[in-house]
Amino acid sequence: MAIKGILKMGNPVLTERSKEVDLSNSDYIERIIEDMTDTMKHYNGAGLAAPQIGYPLRIMMFGFDFNPRYPNEAPIPITILINPQMKIINDTLAEDWEGCLSVPGIRGKVPRYLGIEYTGVDENGNSITRKVENFHARVFQHEYDHLEGILFPARVKDFKNFGFEDELRNVIALKYRAGTKS
């Protein structure tokens with residue numbers, strides 16, 4: 417349908433818990449999903465939540481075959497979830513770098529659960545249940561946070577690992593050259 421502008425950190429829609437979706441309004445949901453698909457592709461997103469384009473509803477999508485923003489990550493099946501739920505199946509937390517289309521140009525190390533099970537329904541009302549790990553689990557949790565009104569900077573534990581991408585690239589490159597890879 418249309419490429420939408422991405423709401424940025426500071427917009428109140430991004431800090432509110434999204435509303436459950438009434439599946440009976442399928443034409444409206446279909447338009448939102450089309451807008452999300454076009455927008456996510458345009459911005460090379462690994463995922464997108466409806467609130468990021470101004471719809472405070474519990475709809476999220478994620479997945480890619482290859483993503484230039486995450487070139488070393490394995491493909492994730494392109495998935496649309498309506499009214500998703502999450503269950504932790506491996507409560508070990510691992511920190512890794514995240515970015516966000518709603519927080520452009522900034523990255524931070526965020527702790528996320530290594531294993532989760534997610535459920536929801538797709539755009540056709542079919543149930544989806546998957547047990548996932550690592551980056552797939554991270555991407556889901558990041559998008560799920562959007563539905564809860566949480567942006568990734570709120571999850572950063574050590575602000576030495578938070579900043580603008582161009583500055584961090586320089587710092588990380590220096591650390592690698594010095595032999596300290598964290």
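Those letters in the sequence shown? Residues 417 to 598, by my numbering. No residue lacks a Cβ here, since even glycine has one placed at the ideal position from N, Cα and C. Owing to the predicted nature of the structure, the values given are computational and were not obtained by experimental measurement.
**OP:** Measure the Cβ-Cβ separation of residue 518 and residue 425 and say whether it is below 7 Å.
**Re:** yes
Original post:
So what does DSSP say about residue 434, is it helix, strand or coil?
Top reply: coil
Original post:
residue 518 by DSSP, collapsed to three states: which one?
Top reply: coil
Subject >> As assigned by DSSP and simplified to three states, the class of residue 444 >> reply: helix
Original post:
Since residue 563 is in the beta strand (DSSP E), which residue starts that stretch and which ends it?
Top reply: Per DSSP, residue 563 belongs to no beta strand (DSSP E); it is in the alpha helix (DSSP H), 550–564.
Original post:
Nearest-angstrom Cα distance between residue 500 and residue 420?
Top reply: 23 Å
Original post:
Excluding five sequence neighbours on each side, which residues of the same chain lie with their C-beta closer than 7 Å to the C-beta of residue 505?
Top reply: 531, 532, 533, 547
Original post:
Just checking, does the region 427–439 make contact with the region 522–529 on the three C-beta pairs under 8 Å criterion?
Top reply: no
Original post:
Using the rule of at least 16 other Cβ atoms within 10 Å of the residue's Cβ for burial, across every protein chain shown, is residue 581 buried or exposed?
Top reply: exposed
Original post:
For residue 482, does the three-state DSSP call read helix, strand or coil?
Top reply: coil
Original post:
Out of curiosity, what's the CA-to-CA distance linking residue 454 and residue 555?
Top reply: 19 Å
Original post:
Using the beta-carbon count (16 or more within 10 Å), is residue 541 buried or exposed?
Top reply: exposed
Subject >> Candidates 440, 489, 449, 476: closest to residue 549 by CA position >> reply: 489
Original post:
Along the chain, where does the beta strand (DSSP E) that runs through residue 568 open and close?
Top reply: Per DSSP, residue 568 belongs to no beta strand (DSSP E) and is neither H nor E.
Original post:
CA-CA distance, residue 585 and residue 521?
Top reply: 11 Å
Original post:
Whose C-alpha, out of 578, 538, 503, is nearest the C-alpha of residue 442?
Top reply: 538
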